[in-house]
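Participant: Have a look at this one before I ask anything.
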Amino acid sequence: MEKNINTFNLNTGAPGQFRIEVAEGNQGRFFYVKPLENLVYEIMDDQGPIGSIQLDRNDHLHCRNIGCALDMPLLHSIREGIQFHEQWSPRA
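The sequence shown begins at 225 in our numbering and counts up by one.
Here it is in structure tokens:
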């Protein structure tokens with residue numbers, strides 16, 4: 225029985241995947257973001273998966289951390305980068 229497993233390849237990317245840059249202190253840091261389902265996005269760096277984040281379409285300032293060991297300011301910067309990429313209106 226063969227399983228079809230979608231793996232993330234940093235060189236070629238995955239369908240729908242995008243890259244964002246966020247500030248961490250005085251430095252920029254790149255993350256790769258892969259949309260999953262129900263506004264959940266997998267977050268990766270050059271070493272691989274870091275965790276996931278679930279956005280809240282009703283409250284754009286809210287997000288749910290799913291297994292990420294990132295500090296809150298960095299996590300919120302990633303949330304803002306995803307929302308910018310997805311072209312969310314700040315007034316929606």
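Cβ coordinates follow ideal geometry from the N, Cα and C atoms, glycine included. It should be emphasised that the depicted structure is a prediction, and the values quoted were computed from it without experimental measurement.
DSSP three-state label for Glu245, please.
Facilitator: Note: Glu245 maps to strand in three-state DSSP.
Participant: Could you check which residue in Arg243, Glu310 and Glu261 has the C-alpha nearest to that of His284?
Facilitator: Checked all of Arg243, Glu310 and Glu261; the closest Cα to His284 is Glu310.
Participant: For the pair the segment 269–284 and the segment 237–250, tell me if three or more CB-CB distances fall below 8 angstroms.
Facilitator: No, the segment 269–284 is not in contact with the segment 237–250.
Participant: Does DSSP classify Gly272 as helix, strand or coil?
Facilitator: Strand at Gly272.
Participant: With a 10 Å radius around its C-beta and 16 neighbouring C-beta atoms as the bar for buried, classify Phe254 as buried or exposed.
Facilitator: Exposed, by the Cβ-count rule.
Participant: Rounding to the nearest angstrom, what Cα-Cα distance links Pro259 and Gln251 in this structure?
Facilitator: Answer to the nearest angstrom: the Cα atoms are 25 angstroms apart.
Participant: Shortest alpha-carbon distance to Cys287 belongs to which of Ile277, Pro239, Leu294 and Trp312?
Facilitator: Answer by Cα proximity: Ile277.
Participant: The alpha helix (DSSP H) that contains Arg303, what's its start and end?
Facilitator: Element bounds for Arg303: Met296 to His309.
Participant: Have a look at Leu263 and Phe308 and give me their C-alpha separation to the nearest angstrom.
Facilitator: The straight-line gap from Cα to Cα measures roughly 14 angstroms.
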